[in-house]
Amino acid sequence: MNVPWLVGAALTITATLIFAAPAESVERTPVSDARPLLLAALRATNGQAYGVMTGPTADAITARFSATTPINIDVTTEKHFAQPGCSRLKVTFSQGGVRLPGNTAARTETIEFGINYCLDGLPPKSLQ
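Positions in the sequence shown are counted from 1; adding 336 to them yields this note's numbering.
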């Protein structure tokens, strides 16, 4: 068994878990959809924005899956493009206590995707 590799992998995984998720004390902006957070991340000096989904859509999703926590939305910048105000953003929706059909236990569910986005609401003209 290659023990140094295993230790290195464990440290990497631990660091990823610690730094990938914001601290619970992070201030979350109430939003009815992710767009304001995309724009906030593009404008932020650290390239990050955090929110909590509110309104009828959030209520319907929470009720449908008998979830026990709000829907959190985290937006982080992965890459800046040459076009000013344009970046590749990672968007993560997560909610705890979700009960999916066919599962007896509730758990945290996460959906993550990337989007190329600009301050004008359009994709960048170039990915350079």
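The beta-carbon is built from N, C-alpha and C at its ideal position, and this holds for glycine as well.
Cβ-based neighbour list, Tyr386, same chain, cut-off 6 Å, excluding 5 preceding and 5 following: By one-based count along the sequence shown, residue 386 stands at place 50. The answer, listed in chain order, is Pro358, Val362, Arg364 and Asp410.
Ala393, DSSP secondary structure in three states: Position 57 of the sequence shown holds residue 393. For the record, residue 393 in the displayed sequence is Thr; it is not Ala. The answer is helix: DSSP assigns Thr393 an H, G or I state.
Whether Gly432 touches Thr405 by CB criterion (8 Å): Counted from its first residue, the sequence shown places residue 432 at position 96. Counted from its first residue, the sequence shown places residue 405 at position 69. Yes, the Cβ-Cβ distance between Gly432 and Thr405 is below 8 Å.
C-alpha distance - Ser402 paired with Ser462, whole-angstrom precision: Counting from one through the sequence shown, the residue named residue 402 turns up at place 66. Counting from one through the sequence shown, the residue named residue 462 turns up at place 126. Their Cα atoms are separated by approximately 42 Å.
Alpha carbon of Gln419 to alpha carbon of Pro460, nearest angstrom: Translated into positions along the sequence shown, residue 419 becomes position 83. Translated into positions along the sequence shown, residue 460 becomes position 124. Going from the Cα of Gln419 to the Cα of Pro460 covers about 7 Å.
Euclidean distance between Cα positions of Leu374 and Ala442: Taking the sequence shown and counting its residues from 1, the one referred to as residue 374 is at position 38. Taking the sequence shown and counting its residues from 1, the one referred to as residue 442 is at position 106. Cα to Cα, the separation comes out at about 29 Å.
Beta-bridge pairing of Leu425 - partner residues as DSSP gives them: Along the sequence shown, read from residue 1 onward, the residue named residue 425 stands at position 89. The partner list for Leu425 (beta bridge, DSSP) reads Thr413 and Ile451.
Proximity winner among Asn452, Ser368 and Ala394, relative to Glu414 (alpha-carbon distances): Here the question's residue 414 lines up with position 78 in the sequence shown. Selection Asn452, Ser368 and Ala394 evaluated against Glu414 yields Asn452 as nearest (Cα-Cα).
Anticipated Cβ contact below 8 Å, Phe429 with Thr446, distance rounded: Within the sequence shown, numbered from 1, the residue matching residue 429 stands at position 93. Within the sequence shown, numbered from 1, the residue matching residue 446 stands at position 110. 7 Å between Cβ atoms; contact.
Minimum C-alpha distance to Leu455 - residue among Val367, Ala377, Asp369 and Ser368: The residue labelled residue 455 in the question sits at position 119 within the sequence shown. Out of Val367, Ala377, Asp369 and Ser368, Ala377 has the C-alpha closest to the C-alpha of Leu455.
Whole-number beta carbon distance between Gly457 and Lys426, since they are thought to touch under 8 Å: Translated into positions along the sequence shown, residue 426 becomes position 90. Translated into positions along the sequence shown, residue 457 becomes position 121. That belief does not hold up - the Cβ atoms of Lys426 and Gly457 are roughly 18 Å apart, past 8 Å.
Proximity of Pro372 and Thr390 at Cβ, strictly below 8 Å: Working through the sequence shown from its first residue, we reach residue 372 at position 36. Working through the sequence shown from its first residue, we reach residue 390 at position 54. No; because the gap between Cβ atoms is not below 8 Å, this pair is not in contact.
Local conformation of Arg364 per DSSP, three classes: Along the sequence shown, read from residue 1 onward, the residue named residue 364 stands at position 28. If DSSP states are grouped into helix, strand and coil, Arg364 belongs with coil.
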